[in-house]
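J.: Below is a structure I'd like to ask you about.
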Amino acid sequence: MQKENSMWSKLAFNRETMIKLFSLVSVIVISCVFCVMSPAFLSRRNLLNILKDLSPVLMLACGEAFVLMLGSIDLSTGCIASCAAVMLTVLLGKIGPAAYLVVLGYGVFAGLFNGVAHTYLQIPSFIATLSTQAIWQSCAYLLSGGQPLAMLPDIWPYVNWGKASFFECVPLLFVVAFLVLLAYTVISKYTGIGKTVFAVGSNERATWLMGQNVRLAKMLAFLMSGLGAAIAGIFFAVKLKSRIPTVGVQYNMLGIAAAVLGGVQMTGGRGSVFMTLLGALLITIIQNGMNVIGVDGLWQQIIFGALMLAAIFMNSDKDHKGLVVK
Amino acid sequence: MERKLLMSMKNIVKQYPGTLALNDISMDIYAGEVLGLIGENGAGKSTLMKIMIGAETATSGELRMHGKNYAPKNPIEANALGVGMVFQEQSLILNLSVAQNIFIGREKRFIRHGFVDRKAMNEAAAKVLAEMEIPQIKASTRVNRLDFASRQMVEIAKVFDAVNGEAKEGSVILLDEPTSVLNAEEIRQLFKHVRRLCAAGNAVIFVSHKLDEVMEIADRICVFKDGCLVREMENRAEEVNEAVLYEAMVGRTASNEYYQLGRQRMPEETVVLELKNLSKRGFFADVSLQLHRGEIIGICGVIGSGKEELCAVISGDEDPTSGEIVIGGKVCKLPSPHSALRQGILSVPRERRAGGIISDFSAYENIYMSNYDKVKKNGVISPKLAREQAEEYRKELDIKLPNVDQKVGNLSGGNAQKVVFARVLASDAEVLLLDHPTRGVDVGAKAEIYSIIRDIANQGKSLIVLGDTLEESIGLSNRVVVMKDGEVTRIFDAPPEKKPEQVDIVKYMM
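Going line by line, the protein sequences match chains X and L.
The first sequence: position 29 = 9 (my numbering), numbered continuously.
Residues are numbered in my numbering as their position in the second sequence, beginning at 1, plus a constant of 3.
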């Protein structure tokens, strides 16, 4: 028994480093490939674009990482982001910059809503967040009137910060995203409740018996995910200067994929919030590169689907737990 | 009288990491006899049964059945070779019918045109049930509609049929605590079936904690202790009585050195924890108890006595149905171990890997898991402080770790348990519940853990111990609480100079 255990944990450890290595190598290799195929890829302008596109993916991924770390999953983040984006554009015209606070508050609320459904109503997170996904998607349609619409010029002053950048290659958006990522990392690694999230994902029963507040940790994880999604929504709105009720749909999967590519284990307990940056970078580079060399948007989804499967396969824990999602 | 040998075991040894579960067991089983198997929890009865049924393989030794070498790889193979077992925990599948359960895994003979012929199966099951004289149970009923006693009878019918149907020349049937959910009339029925089976040339091995039943049904009684077969006797009224059996089960007396009796102190007057008529329906009732500062209370009882559930309720893991828990003079509700810890109560769970450690975490992380505050600096956890804290406990408790960053999943039982104790010490809890604190720990580490327990008590903390053995509970405790069928039957004082005898305690346990 003992020997077997140590063997397994060694293998699992290798798997965790392996996927990070895979992501890192992929980022470099793919960057090189795109460079060769199109010199425009490495231009200052394109770098700016990559970091801008990266920001919302990063926000979705680092929030999602909390939930994955529990061993649960959050399928509603994309739609929370859509709804937040629409909400921001609508509210900016009515209440001005206070709209940002309202949207952040909405993110917290949506996250807690998922948390209550999963933690207190004991609904499996897969089903709970699949349901709230539908709810927030509808809300996004209703708020937007069902159609994409450009922002009116009178609210441009409130969103022009999205265009600001340092040295013309580091956008302010990315700086904000990076600060949020740092805050998320500190919470996950250096606070008690963040440690409890890890512990629950690794061994919920033991965490409970150790006297830790398991429910609070679960609520926190979903809250972080909802908040991250709302920030991503803000980024979408600011970046695109329009309200698109479906803007976040495909990003739910990308957020999960980025977290997994950053080494987060879908069975919970292992991984790092900070490393989601690596996963998000890989995904954004692939997306951006395909745009630069002109791959049809319809084909891109196939690439991402395959990438996601490969990432989860590499990262899946063939250990004792035997399940992917709680 | 010449008896036909059914099964023989020679020098069976079963070694688990850290514990020798069976030590050189040799035993013969004859056709037509009922063999009673008794012993304390952990004496090795269950392990032996598991080997006989093919759920475990012996480390060394030889089994023969009908004179041929017998080494089943799984219970199905064992059934085919004429050995069947009725498990203590029920193994019926609740959403299948009685007939489907009886013939599970053996549906082949009912297959017609590629499908199972339900009607034929039900008829065959009805025949089995009629043979067992339980025709009131319908073969087509879903099992979850039956009460527990009926389920038990179905389970027995299933095993009897599986074994009888396939072996031609005498079978061995193992009954593990078969009477625990049966009432007197059902037990009488069961015994009738047992005798009928034996008369037909089979053998039944009967394991029970209820000595009166064993004495009623068994022809021969084997007593296990610490993995050894210590007594084997014919069940004759003039030789065998409960006192003789108790004596054999309990065996040697505790050595004073081992439990460091010299360091046992008188507890203080202050009551830190009081239970008032605490009950949990179906498990224990009206438990009232006072735990003093610096006191160690041992709770003894067989499985099902309610001691484990009592511990779970005090630690906040489960909720009581009535009664009060008073901590430091205040009535407290403990809906979770989290709230119990805030009141200063923390448990060391029995299943270490499942409940005591987080194997993905390093040793130093495990140690601060019950108290983050001690390793915080400026409001966040400082890995440096955490490593320092772990380093201190590593020295204090002599934990054998190359470094504190080692993941605890790889540690041996004794060292992993010391990490658990380090966490408990770091938690600053005042009342500790130790559920089998030395389970799966080797002898050397055991002594060290006893020493840690004495240290904890002498620091003025209070402990409730569910010992791995009776000896341990008595050796460590200031008082021994005996529970039986969910009630406290007796409380013994256990001062170092006058420890109660195990035999006296067992009397109140069974």
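Ideal placement from N, C-alpha and C gives every residue a C-beta, glycine not left out.
Taking Cβ positions only, does Ala531(L) come closer than 7 Å to chain X?
T.: Look at the range of chain L in this structure, 4 to 513, and you will see that residue 531(L) is not part of it.
J.: For Ile41(L), which residues in the same chain have their Cβ closer than 8 Å to its Cβ, ignoring the five residues on either side in sequence?
T.: Here residue 41(L) is taken as the residue at index 38 of the second sequence, counted from 1. Lys48, Val210, Ser211, His212, Leu214, Val217, Ile224, Cys225, Val226, Phe227, Leu248 and Met252.
J.: For Met68(L), which beta-bridge partners are listed by DSSP?
T.: On the second sequence, residue 68(L) is found 65 positions in, with the first residue counted as 1. Paired residue(s): Met10(L) and Lys71(L).
J.: Between which two residues does the beta strand (DSSP E) containing Met269(L) stretch?
T.: Sequence index remark: in the second sequence, residue 269(L) carries index 266 (1-based). Unbroken run through Met269(L): none, as it is neither H nor E.
J.: Taking 7 Å as the cut-off, decide whether the C-beta atoms of Gly297(L) and Glu433(L) are in contact.
T.: Here residue 297(L) is taken as the residue at index 294 of the second sequence, counted from 1. Here residue 433(L) is taken as the residue at index 430 of the second sequence, counted from 1. Against a cut-off of 7 Å, the Cβ pair of Glu433(L) and Gly297(L) comes out as no contact.
J.: Taking the C-alpha atoms as reference points, what is the distance between Thr57(X) and Pro133(X)?
T.: Counting from one through the first sequence, the residue named residue 57(X) turns up at place 77. Counting from one through the first sequence, the residue named residue 133(X) turns up at place 153. Near 29 Å, if we compare the C-alpha coordinates of Pro133(X) and Thr57(X).
J.: Could you run through the segment 179 to 205 of chain X and flag, in chain order, every residue whose CB is less than 9 Å away from some CB of chain L?
T.: Going along the segment 179 to 205 of chain X in chain order, one finds Ala179, Gly181, Ser182, Asn183, Arg185, Ala186, Thr187, Trp188, Leu189, Met190, Gly191, Gln192, Asn193, Val194, Arg195 and Leu196 with a Cβ nearer than 9 Å to chain L.
J.: Just to confirm, are Gly259(X) and Gly251(X) a CB contact at a threshold of 7 Å?
T.: To locate residue 259(X), count along the first sequence from 1; it is residue 279. To locate residue 251(X), count along the first sequence from 1; it is residue 271. For Gly259(X) and Gly251(X), no; Cβs fall outside 7 Å.
J.: Of all the CB atoms in chain L, is at least one closer than 7 Å to the CB of Tyr121(X)?
T.: By 1-based counting over the first sequence, the position of residue 121(X) is 141. Judged by the 7 Å Cβ criterion, Tyr121(X) is not in contact with chain L.
J.: Give me, in chain order, the residues of the same chain whose beta-carbon lies closer than 8 Å to that of Pro499(L); leave out the 5 immediate sequence neighbours on both sides.
T.: Within the second sequence, the letter at position 496 stands for residue 499(L). Around Pro499(L): Asn259, Leu264, Gly265 and Gln267.
J.: Give a yes or no on whether 7 Å exceeds the smallest Cβ distance from Ala239(X) to chain L.
T.: Within the first sequence, the letter at position 259 stands for residue 239(X). No, its Cβ sits nowhere closer than 7 Å to a Cβ of chain L.
J.: Report buried or exposed for Leu289(X), applying the criterion of at least 16 other Cβ atoms within 10 angstroms of its Cβ.
T.: Counting from one through the first sequence, the residue named residue 289(X) turns up at place 309. Exposed, by the Cβ-count rule.
J.: In chain X, what lies closer than 9 Å to Leu344(L) by C-beta?
T.: Position 341 of the second sequence holds residue 344(L). Under the 9 Å cutoff, chain X gives Met190, Gly191 and Gln192.
J.: Once the 5 residues before and after Thr273(L) are set aside, which same chain residues still bring their CB inside 7 Å of it?
T.: Within the second sequence, residue 273(L) is the residue found at index 270, counting from 1. Hits under 7 Å: His295 and Arg296.
J.: Could you give the first and the last residue of the continuous beta strand (DSSP E) run that contains Ile208(L)?
T.: Counted from its first residue, the second sequence places residue 208(L) at position 205. Its beta strand (DSSP E) spans residues Ala206 to Val210.
J.: Could you check the C-alpha separation between Ile330(L) and Asn26(L) for me, to the nearest Å?
T.: Here residue 330(L) corresponds to residue number 327 of the second sequence, with the count starting at 1. Here residue 26(L) corresponds to residue number 23 of the second sequence, with the count starting at 1. Each residue's Cα considered, the two are about 45 Å apart.
J.: Quick check on the burial criterion: 16 or more other C-beta atoms within 10 angstroms. Buried or exposed for Thr(-3)(X)?
T.: What you label residue -3(X) is simply residue 17 of the first sequence in a count that begins at 1. The residue is exposed, with fewer than 16 neighbouring Cβ atoms inside 10 Å.
J.: Taking C-alpha atoms, which residue in Ser480(L), Lys7(L), Asn147(L) and Val146(L) lies nearest to Met68(L)?
T.: The residue labelled residue 68(L) in the question sits at position 65 within the second sequence. Minimum Cα distance to Met68(L) is reached at Lys7(L).
J.: For Ile494(L), which residues does DSSP report across the bridge?
T.: Locating residue 494(L) in the second sequence gives position 491, counting from the first residue. For Ile494(L), which the question treats as bridged, DSSP gives the partners Val484(L).
J.: Thr165(X) touches chain L at which residues, Cβ-Cβ below 7 Å?
T.: Your numbering for residue 165(X) matches position 185 in the first sequence. Those do not exist, as Thr165(X) stays about 11 Å from chain L at its closest Cβ, beyond 7 Å.
J.: Taking Cβ-Cβ distances shorter than 9 Å, what residues in chain L pair up with Arg311(X)?
T.: Look at the range of chain X in this structure, -19 to 306, and you will see that residue 311(X) is not part of it.
J.: Check whether the segment 29 to 37 of chain X touches the segment 68 to 83 of chain X, counting contact only when three or more Cβ pairs, one atom from each stretch, lie closer than 8 Å.
T.: Verdict: no, contact absent.
J.: Identify, in the order they occur along the chain, each residue of the same chain with its Cβ nearer than 7 Å to the Cβ of Thr187(X), setting aside the five sequence neighbours on each side.
T.: Locating residue 187(X) in the first sequence gives position 207, where the first residue counts as 1. Within the same chain, Thr187(X) has close Cβ partners Thr176, Ala179, Val180 and Val194.
J.: Determine, for Ile459(L), whether the minimum Cβ-Cβ distance to residues of chain X falls below 7 Å.
T.: As a first step, residue 459(L) is located in the second sequence; it is residue number 456 there, counting from the start. No - not a single Cβ of chain X is within 7 Å of the one on Ile459(L).
J.: Hey, how far is the Cα of Cys335(L) from the Cα of Gly309(L)?
T.: The residue labelled residue 335(L) in the question sits at position 332 within the second sequence. The residue labelled residue 309(L) in the question sits at position 306 within the second sequence. For Cys335(L) and Gly309(L), the distance between alpha carbons rounds to 21 Å.
J.: With Cys201(L) as the anchor, note down where its beta strand (DSSP E) starts and where it stops.
T.: As a working note, residue 201(L) is residue 198 in the second sequence. Not the beta strand (DSSP E): Cys201(L) falls in the alpha helix (DSSP H), residues Ala187 to Ala202.
J.: Does any residue of chain L have a CB that is nearer than 7 Å to the CB of Tyr86(X)?
T.: What you label residue 86(X) is simply residue 106 of the first sequence in a count that begins at 1. Output row for Tyr86(X): interface = no.
J.: So with CB distances below 8 Å, who are the chain X contacts of Glu383(L)?
T.: Counting from one through the second sequence, the residue named residue 383(L) turns up at place 380. Here the sequence assigns Val to residue 383(L), which means Glu is not the residue at that position. Near Val383(L) (Cβ distances below 8 Å), the residues of chain X are Val166, Tyr170 and Thr171.
J.: I want to verify the contact list: residues of chain X whose CB lies under 7 Å from the CB of His556(L), in sequence order.
T.: Nothing can be reported for residue 556(L), as the shown portion of chain L is limited to 4 through 513.
J.: Arg115(L) bridges to which residues according to DSSP?
T.: Your numbering for residue 115(L) matches position 112 in the second sequence. Answer is Phe118(L), bridged to Arg115(L).
J.: State the start and end residues of the unbroken beta strand (DSSP E) segment that holds Ser291(L).
T.: In the second sequence, counting from the first residue as 1, residue 291(L) sits at position 288. Here the beta strand (DSSP E) through Ser291(L) covers Phe287 to His295.
J.: For Gly65(L), which option in Lys502(L), Gly463(L) and Met30(L) has the closest C-alpha, if you only look at C-alpha atoms?
T.: Start at 1 with the first residue of the second sequence, and residue 65(L) comes out as number 62. Going by the sequence as given, residue 65(L) is Glu instead of Gly. If we check each option's Cα against that of Glu65(L), Met30(L) comes out closest.
J.: Can you give, in chain order, each stretch of the alpha helix (DSSP H) that sits fully within the segment 23 to 109 of chain L and has at least 4 residues?
T.: Here the runs fully enclosed are 48 to 56, 78 to 83 and 101 to 105.
J.: Just to confirm the assignment, what range does the beta strand (DSSP E) spanning Phe46(X) have?
T.: Numbered from 1 along the first sequence, position 66 holds the residue referred to as residue 46(X). Careful: Phe46(X) lies outside any beta strand (DSSP E), inside the alpha helix (DSSP H) at Arg24 to Leu50.
J.: Taking the alpha carbon of Phe495(L) as the reference point, which residue from Ser415(L), Val506(L) and Gln462(L) has its own alpha carbon closest?
T.: As a first step, residue 495(L) must be located in the second sequence, where it is residue number 492. Ranking the options by Cα distance to Phe495(L), first place goes to Val506(L).
J.: Shorter than 7 Å from the beta carbon of Gly417(L) to some beta carbon of chain X?
T.: Counted from its first residue, the second sequence places residue 417(L) at position 414. No, Gly417(L) lies away from the interface with chain X (no Cβ there is under 7 Å from its Cβ).
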